[in-house]
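Report on one structure; see the data block that follows.
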Amino acid sequence: MAIYIISVSSHLHSSFSYLNISQSTANIIVSAVFCFWSAPLALGESFTHNALISQIPGHLILFSWWVALISHLAVSCNRLIAATRPTDYSKIFATRNTKIIIIFAWIVSFSYSLIYEIDGCNFCFNRVSLRWQYTETPCGVILSNYLDLFACILLIVSVFIIDITTLIVLKRTKPASIFMFWRTILYARRKKEIIFYIQVFIKNFVKKS
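In full-length UniProt numbering, the protein residues as written are 1 to 209.
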């Protein structure tokens, strides 16, 4: 729903919105795998006996999970820059730069997730314990107890620190200065919308004439 609203609402087209779309898309993929793979398996359904195919959903979940985490980190950085460097915000998070960040998040996540395709490094749904788990192999143990665990903790702690920093900055910043800055941005945007409306109106009037 949020993705649809942002897509159809031109005034919501911003770097912050695009980053949230990236994160929401990854979360949707994770939820879809849970709904259409985990739930039926938990209820006793059996889709395939092919081991290779049964590993794909787990790979997809972890791939999307990393996309969501990296996108979340980018969202936190976006908020921090908006709070600490408002005058440079539009340059740092220009549309082109935002697209590069999003593409980077998906490519890095996909490249890293290729490790889950290695035999013995899989992430599968256990129908007995009704939970997702790494295979009980040396590779699975390394991933679950070290590599994935530490990478996940690092990203989450980074997001937490950045968000706390943003909160402190906002607490120390005078509300009046924040209001004046965003009022200037909104005024400039509204001015562009009015000019665009007048252009469209004149164009349609000329056509009818």
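Using N, Cα and C, we set each Cβ at its ideal position, and we do this for glycine too.
- Pairing Thr166 with Arg85 gives a Cβ-Cβ distance that is not under 8 Å.
- In the three-state reduction of the DSSP assignment, Phe93 falls in the coil class, being assigned neither a helical nor a strand state.
- Using a 10 angstroms sphere on the CB of Val33, the tally of other CB atoms reaches 16 or more, which defines it as buried.
- Cys152 is the residue among Pro138, Ser14, Cys152 whose C-alpha sits nearest the C-alpha of Trp65.
- DSSP places Arg127 outside both helix and strand once states are collapsed to three, so it counts as coil.
- Within a 10 Å sphere around the beta-carbon of Ala39 sit fewer than 16 other beta-carbons, which makes this residue exposed.
- Around the beta carbon of Thr98, 16 or more other beta carbons lie within 10 angstroms, which makes this residue buried.
- With a contact defined as Cβ atoms closer than 8 Å, Phe93 and Ile102 miss out at about 11 Å.
- Looking at the DSSP output, Tyr134 sits in a beta bridge with Phe123.
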